[in-house]
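So the structure is just underneath, and the comments pick up after that.
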Ligand SMILES: Nc1ncnc2c1ncn2[C@@H]1O[C@H](COP(=O)(O)OP(=O)(O)OP(=O)(O)O)[C@@H](O)[C@H]1O
Ligand SMILES: [Mg+2]
């Protein structure tokens with residue numbers, strides 16, 4: 001029902017004289033009257049162009065008014081249109097049946113023109129009010145959704161800030177003991193090496209009469225096993241130390257608040273430096289195809305962006321590594337320009353031919369400590385940190401994946417003001 005066009009009213013009656021009378025009366029009062037002489041015609045007319053109100057006779061050949069009303073109310077697109085029965089059947093049971101079928105009102109023939117007009121006006125006003133209310137409801141629901149989103153974001157950013165402080169504290173506290181364990185480890189490794197050399201030297205120089213006793217002592221202490229085990233144990237300790245160091249490093253990156261986003265950066269430079277760093281892994285596992293396009297410079301922090309690209313590339317390498325056919329282990333890097341929210345952006349897509357990501361975990365991969373990798377292989381902090389760093393750059397990090405056909409991570413970063421076209 002638009003404000004500038006007259007309300008349209010569908011009149012359904014099999015008696016031409018009735019149709020004419022009602023049409024004339026409604027047209028004279030500024031309504032647009034649309035006649036229909038039977039039930040099927042009425043339904044078809046209503047579906048073609050839904051009217052604002054329907055005046056419906058009950059007794060008609062073929063489909064009667066009750067059935068027309070029932071079908072109208074069963075159609076989601078037409079159910080809201082008010083139906084006013086207008087009939088010579090004045091029995092209470094007929095009226096009850098009419099309301100049961102979903103009719104809004106009932107006028108008995110012969111009718112008074114003024115009464116029909118008054119009821120038409122009332123129902124049209126009701127319908128208008130209902131439409132307004134629905135509109136306001138929708139707006140309210142949308143506002144509530146926005147509010148909920150904003151609230152979630154607020155809670156999330158507060159959580160992140162608190163987590164940042166916690167992470168910084170933990171990283172700092174762990175870093176000191178880790179450093180002296182590391183230093184001691186290197187000292188211990190050297191001492192053991194020297195000790196082993198000393199034992200070997202002593203063995204060489206031991207007098208023959210003592211050799212049998214030395215051999216027995218070595219057997220008792222399982223000396224050969226000991227010598228074999230020591231490097232293995234040391235390498236396990238070193239592996240554990242490296243992992244702990246990596247986690248502390250991640251926590252430090254996550255909680256770092258210094259390093260303003262101040263440099264104009266070409267995303268290709270970030271990519272190339274990451275590729276150099278990963279060259280050793282890449283050349284053994286995957287082929288890299290570069291589809292570089294024109295990208296605007298972005299205002300950012302080179303170290304943080306490198307961290308993001310390294311994490312995403314490392315994930316892509318991990319993913320393609322599990323593909324049996326070495327010819328199908330590919331990573332494609334595509335760069336270009338896009339416009340998002342009206343601002344020009346640099347775009348980087350990292351696509352791999354790995355196993356992809358199952359839909360049920362797609363929503364969780366950015367959560368801290370979410371990993372599907374075996375214990376010791378992944379901390380589950382990579383993408384969490386990436387998402388935070390990209391958010392810090394006012395950009396977006398998105399993922400798309402079809403299981404079995406690989407995954408594509410896309411980074412969008414706003415062009416620096418100097419480079420915006
Ligand atoms: N390219 C990819 N293909 C398939 N799965 C992926 C890909 N990238 C990420 N994932 C999934 O997302 C999870 C989380 O990734 P994320 O980088 O956060 O942690 P991680 O790689 O497991 O550990 P780390 O902290 O060492 O990076 C991964 O364990 C993996 O299940
Ligand atoms: Mg990772």
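In the numbering used here, the protein residues as written are 1 to 421.
All residues carry an ideal CB built from backbone N, CA and C; glycine is no exception.
Since the model is a prediction, treat every value here as computed from it, not as a measurement.
Check                                                                                                                                                                              : Outcome
Taking Cβ to Cβ, would you say residue 274 is nearer than 8 angstroms to residue 306?                                                                                              : yes
In the DSSP assignment, find the beta strand (DSSP E) that holds residue 300 and state where it starts and stops.                                                                  : 298-300
Around the C-beta of residue 299, are 16 or more other C-beta atoms found within 10 angstroms, so that it is buried, or is it exposed?                                             : buried
Under the assumption that residue 386 contacts residue 311 (Cβ atoms under 8 angstroms), give the Cβ distance between them as a whole number of angstroms.                         : 5 angstroms
Using three-state DSSP, classify residue 221 as helix, strand or coil.                                                                                                             : coil
Would residue 38 pass as a contact of residue 62 if the rule is Cβ separation under 8 angstroms?                                                                                   : yes
From the DSSP output, read off the bridge partner residues of residue 9.                                                                                                           : 33, 53
For the candidate residues 208, 188, 296, whose alpha-carbon lies nearest to that of residue 231?                                                                                  : 188
If we count the other Cβ atoms within 10 Å of its Cβ and call it buried at 16 or more, is residue 240 buried or exposed?                                                           : exposed
Given that a residue counts as buried once 16 or more other Cβ atoms are within 10 Å of its Cβ, and exposed if not, what is residue 369?                                           : exposed
Run the proximity test for residue 240: is its beta-carbon closer than 7 angstroms to any non-hydrogen atom belonging to ligand 1?                                                 : no
Among 168, 286, 268, 57, whose alpha-carbon lies nearest the alpha-carbon of residue 320?                                                                                          : 286
Are residue 120 and residue 9 touching if we call contact CB-CB under 8 angstroms?                                                                                                 : yes
Which residues in the same chain as residue 291 place their Cβ atom closer than 6 angstroms to its Cβ, once the five residues preceding and following it in sequence are excluded? : 334
Under 6 angstroms Cβ to Cβ from residue 108, same chain only, skipping five residues before and after it: list those, please.                                                      : 90
Alpha carbon to alpha carbon, how far is residue 147 from residue 399?                                                                                                             : 26 angstroms
Could you give the uninterrupted runs of the alpha helix (DSSP H) lying entirely in the region 103-171, keeping only those of 4 residues or more?                                  : none
With distances taken Cα to Cα, identify the nearest neighbour of residue 6 among 34, 371, 224, 116.                                                                                : 34
List the endpoints of the continuous alpha helix (DSSP H) containing residue 273.                                                                                                  : 267-285
For the alpha helix (DSSP H) that residue 361 lies in, which residues bound it at each end?                                                                                        : 359-362
Cβ atoms of residue 416 and residue 297: under 8 angstroms apart, would you say?                                                                                                   : yes
Quick one: Cα of residue 131 to Cα of residue 16, how far?                                                                                                                         : 33 angstroms
Only counting the same chain, and skipping five residues up and downstream in sequence, which positions put a Cβ closer than 6 angstroms to that of residue 371?                   : 378, 380
Is residue 388 near ligand 1, with its Cβ less than 7 angstroms from a heavy atom?                                                                                                 : no
Any heavy atom of ligand 1 closer than 7 angstroms to the Cβ of residue 379?                                                                                                       : yes
Is it the case that the CB of residue 304 approaches a heavy atom of ligand 3 more closely than 7 angstroms?                                                                       : Ligands displayed in this structure: ligand 1 and ligand 2; ligand 3 is not among them.
Does DSSP put residue 349 in a helix, in a strand, or in coil?                                                                                                                     : strand
Given this structure, state the Cα-to-Cα distance separating residue 145 from residue 138, to the nearest angstrom.                                                                : 10 angstroms
What is the C-beta distance between residue 356 and residue 293, in whole angstroms, given that I count them as a contact (C-beta under 8 angstroms)?                              : That belief does not hold up - the Cβ atoms of residue 356 and residue 293 are roughly 25 angstroms apart, past 8 angstroms.
Within 10 Å of its beta-carbon, does residue 136 have 16 or more other beta-carbons around it, so buried, or fewer, so exposed?                                                    : exposed
Between residue 171 and the rest of its own chain, which residues show a CB-CB distance below 7 angstroms, the 5 nearest in sequence each way excluded?                            : 248, 251, 252, 255
Can you have a look at residue 190 and say buried or exposed, based on whether 16 or more other CB atoms are within 10 angstroms of its CB?                                        : exposed
Mind checking whether the beta-carbon of residue 176 lies closer than 7 angstroms to any heavy atom of ligand 2?                                                                   : no
Using C-beta distances below 8 angstroms, list every residue in its chain close to residue 384, excluding the 5 sequence neighbours before and after it, in chain order.           : 254, 366, 367, 368, 369, 370
To the nearest angstrom, how far is the alpha carbon of residue 364 from that of residue 32?                                                                                       : 56 angstroms
Buried or exposed for residue 51, please, with buried defined as at least 16 other CB atoms from any protein chain shown within 10 angstroms of its CB.                            : buried
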